[in-house]
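Accompanying notes for the structure given below.
In the numbering used here, the protein residues as written are 1213 to 1348.
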């Protein structure tokens, strides 16, 4: 497996049902909100992870990934690059099947740790744009 492998992206988008979105804001003007709202409209269960929110998109928000009480298939990270590694490590500990670092979120070391742990890894790509590409 490698980072941004098209087959891995296809598999993540087709097999993931529950996506925990780290950094999801309740502010509709934020990219994390509009991207997650789109994914929710496509049938994905979105779980907000943000210590500054109590809810977003009609879902209860959790302060950290490890507080989410259900199985997470994919962790989508909307955080600064220097903060992404911590969340990747949480995703590995929780047994998520993949991590998705949004556009502009780059942490090569964390991505390698996730690959080494057997997770699918997408980095510096927008999940909405990748989903739209595959709907054609």
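A virtual CB, placed ideally from N, CA and C, is assigned to each residue, including glycine.
Bear in mind that the values here come from a model prediction, so they are computed numbers and not experimental data.
Contact belief for residue i with residue j at Cβ below 8 angstroms, rounded distance in angstroms
| i | j | result |
| --- | --- | --- |
| residue 1333 | residue 1288 | With a Cβ gap of about 12 angstroms, residue 1333 and residue 1288 do not count as contacting. |
| residue 1282 | residue 1230 | 7 angstroms |
| residue 1236 | residue 1268 | 5 angstroms |
Residue i burial status per 10 Å Cβ neighbour count (16 or more: buried)
| i | result |
| --- | --- |
| residue 1253 | exposed |
| residue 1245 | buried |
| residue 1346 | exposed |
| residue 1262 | buried |
Backbone CA spacing between residue i and residue j [nearest angstrom]
| i | j | result |
| --- | --- | --- |
| residue 1249 | residue 1313 | 17 angstroms |
| residue 1318 | residue 1293 | 5 angstroms |
| residue 1329 | residue 1309 | 10 angstroms |
| residue 1340 | residue 1325 | 25 angstroms |
| residue 1221 | residue 1327 | 14 angstroms |
Cβ shell of residue i (< 8 angstroms), same chain only, five flanking positions each side left out
| i | result |
| --- | --- |
| residue 1302 | 1276, 1277, 1278 and 1287 |
Extent of the continuous alpha helix (DSSP H) to which residue i belongs
| i | result |
| --- | --- |
| residue 1225 | 1218-1227 |
| residue 1347 | 1339-1347 |
| residue 1251 | 1243-1253 |
| residue 1305 | 1293-1306 |
| residue 1325 | 1320-1328 |
Cβ shell of residue i (< 7 angstroms), same chain only, five flanking positions each side left out
| i | result |
| --- | --- |
| residue 1306 | 1277, 1278 and 1284 |
For residue i, the first and last residue of its enclosing beta strand (DSSP E)
| i | result |
| --- | --- |
| residue 1230 | 1230-1234 |
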